[in-house]
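Which chain is which? The protein sequence lines are Y and C, in order. Everything in the first sequence is counted per UniProt numbering, starting at 1 for the first residue and increasing by one. Everything in the second sequence is counted per UniProt numbering, starting at 1 for the first residue and increasing by one.
Protein chains: 2
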Amino acid sequence: MPFKFEILKKSKKSKARVGKLHTPHGVIDTPVFMPVGTQATVKTMSPRELDEIGAEIVLGNTYHLNLRPGPDLIKEAGGLHKFMNWNKPILTDSGGFQVFSLAHMRKITDEGVEFTSHLDGRKHFLTPEKVLEIQAALGSDIMMQLDECVAYPCDKKEAKEAMERSVRWARESKLKMSNDKCQMNVLFGIVQGGTYRDLRKQSAEQLVEIDFPGYSIGGLSVGEPQAEMFEMLDIVTDILPEDKPHYLMGVGYASDILGAIKLGADMFDCVIPTRLARHGAFLTYEGKVNIRQARFEKDFSPIDPECDCYCCQNFSKAYIRHIFGAREILAMHLLTIHNLRFFMRMMQKVREDILAE
Amino acid sequence: MPFKFEILKKSKKSKARVGKLHTPHGVIDTPVFMPVGTQATVKTMSPRELDEIGAEIVLGNTYHLNLRPGPDLIKEAGGLHKFMNWNKPILTDSGGFQVFSLAHMRKITDEGVEFTSHLDGRKHFLTPEKVLEIQAALGSDIMMQLDECVAYPCDKKEAKEAMERSVRWARESKLKMSNDKCQMNVLFGIVQGGTYRDLRKQSAEQLVEIDFPGYSIGGLSVGEPQAEMFEMLDIVTDILPEDKPHYLMGVGYASDILGAIKLGADMFDCVIPTRLARHGAFLTYEGKVNIRQARFEKDFSPIDPECDCYCCQNFSKAYIRHIFGAREILAMHLLTIHNLRFFMRMMQKVREDILAE
Numbered sequence: 001m002p003f004k005f006e007i008l009k010k011s012k013k014s015k016a017r018v019g020k021l022h023t024p025h026g027v028i029d030t031p032v033f034m035p036v037g038t039q040a041t042v043k044t045m046s047p048r049e050l051d052e053i054g055a056e057i058v059l060g061n062t063y064h065l066n067l068r069p070g071p072d073l074i075k076e077a078g079g080l081h082k083f084m085n086w087n088k089p090i091l092t093d094s095g096g097f098q099v100f101s102l103a104h105m106r107k108i109t110d111e112g113v114e115f116t117s118h119l120d121g122r123k124h125f126l127t128p129e130k131v132l133e134i135q136a137a138l139g140s141d142i143m144m145q146l147d148e149c150v151a152y153p154c155d156k157k158e159a160k161e162a163m164e165r166s167v168r169w170a171r172e173s174k175l176k177m178s179n180d181k182c183q184m185n186v187l188f189g190i191v192q193g194g195t196y197r198d199l200r201k202q203s204a205e206q207l208v209e210i211d212f213p214g215y216s217i218g219g220l221s222v223g224e225p226q227a228e229m230f231e232m233l234d235i236v237t238d239i240l241p242e243d244k245p246h247y248l249m250g251v252g253y254a255s256d257i258l259g260a261i262k263l264g265a266d267m268f269d270c271v272i273p274t275r276l277a278r279h280g281a282f283l284t285y286e287g288k289v290n291i292r293q294a295r296f297e298k299d300f301s302p303i304d305p306e307c308d309c310y311c312c313q314n315f316s317k318a319y320i321r322h323i324f325g326a327r328e329i330l331a332m333h334l335l336t337i338h339n340l341r342f343f344m345r346m347m348q349k350v351r352e353d354i355l356a357e
Numbered sequence: 001m002p003f004k005f006e007i008l009k010k011s012k013k014s015k016a017r018v019g020k021l022h023t024p025h026g027v028i029d030t031p032v033f034m035p036v037g038t039q040a041t042v043k044t045m046s047p048r049e050l051d052e053i054g055a056e057i058v059l060g061n062t063y064h065l066n067l068r069p070g071p072d073l074i075k076e077a078g079g080l081h082k083f084m085n086w087n088k089p090i091l092t093d094s095g096g097f098q099v100f101s102l103a104h105m106r107k108i109t110d111e112g113v114e115f116t117s118h119l120d121g122r123k124h125f126l127t128p129e130k131v132l133e134i135q136a137a138l139g140s141d142i143m144m145q146l147d148e149c150v151a152y153p154c155d156k157k158e159a160k161e162a163m164e165r166s167v168r169w170a171r172e173s174k175l176k177m178s179n180d181k182c183q184m185n186v187l188f189g190i191v192q193g194g195t196y197r198d199l200r201k202q203s204a205e206q207l208v209e210i211d212f213p214g215y216s217i218g219g220l221s222v223g224e225p226q227a228e229m230f231e232m233l234d235i236v237t238d239i240l241p242e243d244k245p246h247y248l249m250g251v252g253y254a255s256d257i258l259g260a261i262k263l264g265a266d267m268f269d270c271v272i273p274t275r276l277a278r279h280g281a282f283l284t285y286e287g288k289v290n291i292r293q294a295r296f297e298k299d300f301s302p303i304d305p306e307c308d309c310y311c312c313q314n315f316s317k318a319y320i321r322h323i324f325g326a327r328e329i330l331a332m333h334l335l336t337i338h339n340l341r342f343f344m345r346m347m348q349k350v351r352e353d354i355l356a357e
């Protein structure tokens, strides 16, 4: 099935919308939360459990998969879907963000970015073309262009240079996609510009001019106040075509996501639900709560009596607290199931609320 | 359902037999392998996955559960079955073996054993009565008496004293069970005696005289040669009543189990399949193999094409090797599923072969 974005309903109260994103590996209901499968697995989860919690798409990290096991091996396995036994859509990032946050001794030029692997210290060079070749080998449904993400705070000169370089790389990426034939997957351009209104505006305008089937908003949720993130997003979604999907990268907490949906964002990913689970925290509408707390010692009720996940339907807080304290893997696993299902149910409710307006 | 052991078929070639063990929580096909759930979970496995791989009974460790979360909490939760959400039979050991192998500064007297917790250094005292009270609080279907296990090699005097003390404790345990009314669960006596033929013989004879609904053979697979283990087992099963189940504790490797079945052993438990999995090894009929080997880098075939487990049906060696190398929990989990299923299928085949004789 070719790529298509279909808007089912626009909110009357905000820029929120409910849609369906058609991809080669299936249809995604938006707004959507995408669990992160950094190293070809969503941490602790098997693919059938991802199915069960209602995941419709997962994210793979190009930076990690490029270093290990490498795109050639995954291609030989028949692509990332087959390799990890996940038959629904996959979105891959470009590796840019990880290069900026994980890699050592990175050197950015107009040609691309050189970095030292966090695994073995070997030097690598990523270019706009190279990251597309890697993602094509992975066979992801939705690919990202190489971009340059800046930290927060960042002075304007630096933010401007990074944004302009990202736009140039967007153009080169689009060209590369046009030259390669028979590709089922699509490429998103990425809006940058730090927390500068005019830079965000210019970035969005220039990307729209290049014309992508979908747009990502990068470089947010990197330390700036929520209000500032929302302001940037608002400016950007006013410019991006309404009939294209908007992916707010790496966001985030429930309150970030709920606010961003009202500003027209459709797609989200974040390691928060899975990472918190491995640290013993479960998600509730009132925020995160740690299972290790003494008050749960003899609490034989589930984490959330309303939740339909395997964890909440079968295990008590006292039990999970015990196995977490005993460092049993099942504890991290059950909490991950709950936290991901919590996000899935939250998105489902958001979609239903908009449809019911 | 009350406890009952039913022999369906005796082998014509050996002392092997196929049976059904009826317990309050269901029927177990013997010979049976019991996955070990030390801390109220079989490491990495959820109860529904244990069901799926065909586990009919799991083992809980009294030593660990007594220290954390404690028998009172588990009793308040409604017993171990409810606490860990496992509705099939549970066998608990007495904690004796762990005291001898894990605990520090243990002191054995005729009254019981004093030891220092490996968790917090607090002193504990276990008596034959106390371990039954703990196991009753856990609500296990099959309980073990407190016994004294000796190391290998062990001089005869020490082995004799430990055996005689274990027999005295067996008598006290039987008395305690007779005095407590309305108990659904049953108690097994434990044969000791090191690797001394006459001590093993005396131990078995005296336990038979006390009369238990089932008998365990302890203190084997502690370092002695396999031939010696088999010799001891052979002596013991000649003495134990044929119509009672024989549980060879903590054994073991596939070849140990297959040999022991021919000598009349019905029940087995061992951490080998789960522990090996966490170290990257999978089980085959040719022995254990480590998934990290370079030859599996591009091996896109399953661990065992004949195996019906979730791991073998859905993932390649190359994938598992990759996620194991990336320290992903799913790797240990998938290998555990395979290794336990391997043992389950092995036992199933043994039962079928005897029935088909």
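Built from N, CA and C at the ideal position, the CB exists for glycine as well.
What number of angstroms, rounded off, separates the C-alpha of residue i from the C-alpha of residue j?
i: P69/C; j: H322/Y; result: 6 Å
i: E114/Y; j: S316/C; result: 33 Å
i: R122/Y; j: P245/C; result: 60 Å
i: N61/Y; j: L67/Y; result: 10 Å
i: I7/Y; j: D72/Y; result: 37 Å
i: E133/Y; j: K176/Y; result: 9 Å
i: Q226/Y; j: D299/C; result: 47 Å
i: C311/Y; j: I74/Y; result: 32 Å
i: K160/C; j: S117/C; result: 27 Å
i: D308/Y; j: D29/Y; result: 20 Å
i: P305/C; j: R341/C; result: 13 Å
i: R17/Y; j: G96/Y; result: 29 Å
i: A103/Y; j: M267/Y; result: 26 Å
i: V271/Y; j: R278/Y; result: 11 Å
i: I337/C; j: L276/C; result: 12 Å
i: V208/C; j: G79/C; result: 30 Å
i: Y196/C; j: H64/C; result: 30 Å
i: A147/Y; j: R295/Y; result: What sits at residue 147/Y in the sequence shown is Asp, not Ala. Those two C-alpha atoms are separated by around 46 Å.
i: L119/C; j: F3/Y; result: 56 Å
i: R351/Y; j: S101/Y; result: 33 Å
i: G189/C; j: D243/C; result: 15 Å
Output, in chain order, the set of chain C residues within a Cβ distance shorter than 7 Å of residue i.
i: F115/Y; result: The premise fails here: F115/Y is roughly 19 Å from chain C at the closest Cβ pair, so nothing lies under 7 Å.
i: E328/Y; result: Q39, T41, K43
i: I291/Y; result: Those within 7 Å of I291/Y in chain C number zero; the least Cβ separation is about 13 Å.
Using a Cβ cut-off of 7 Å, pull out every chain Y residue sitting near residue i, in sequence order please.
i: F300/C; result: A77
So, are the CB atoms of residue i and residue j less than 9 Å apart?
i: D180/Y; j: A137/Y; result: no
i: G193/Y; j: V222/Y; result: no
i: P273/C; j: F343/C; result: yes
Taking C-beta pairs closer than 8 Å, name the residues in chain Y that residue i reaches, listed in chain order.
i: S316/C; result: A77, F83
i: R68/C; result: H322, G325, A326
i: M143/C; result: Result: empty, since nearest Cβ-Cβ is about 21 Å, beyond 8 Å.
i: M332/C; result: I329
i: S46/C; result: Y310, L330, H333, L334
Listing by chain order, which chain Y residues have their CB less than 9 Å from the CB of residue i?
i: S203/C; result: Residues of chain Y passing the Cβ test: none, with the nearest at roughly 34 Å.
i: Y63/C; result: Within 9 Å Cβ-Cβ: nothing; Y63/C doesn't reach chain Y, min ~13 Å.
Classify residue i: buried if its beta carbon has 16 or more other beta carbons within 10 angstroms, exposed otherwise.
i: D155/C; result: exposed
i: E286/Y; result: exposed
i: E49/C; result: buried
i: N87/C; result: exposed
i: T109/Y; result: exposed
i: M105/Y; result: exposed
i: F324/C; result: buried
i: E56/Y; result: buried
i: L240/C; result: buried
Which residues in chain C have a C-beta closer than 8 Å to the C-beta of residue i? List them in chain order.
i: Q98/Y; result: Per Cβ cutoff of 8 Å: no residues; Q98/Y is ~14 Å from chain C at best.
i: Y319/Y; result: A40, A77, F83, M84, N85
Along chain C, which residues have their Cβ under 9 Å away from the Cβ of residue i?
i: H246/Y; result: Result: empty, since nearest Cβ-Cβ is about 31 Å, beyond 9 Å.
i: L73/Y; result: E297, K298, A318, H322
Does the stretch 194 to 201 of chain C come close enough to the stretch 235 to 250 of chain C that 3 or more CB-CB pairs lie under 8 Å?
yes
Does the stretch 138 to 149 of chain Y come within contact of the stretch 88 to 99 of chain Y, defined as at least 3 CB pairs closer than 8 Å?
yes
Decide if the stretch 32 to 41 of chain Y is in contact with the stretch 69 to 88 of chain Y; the criterion is three or more beta carbon pairs, one per stretch, under 8 Å apart.
yes
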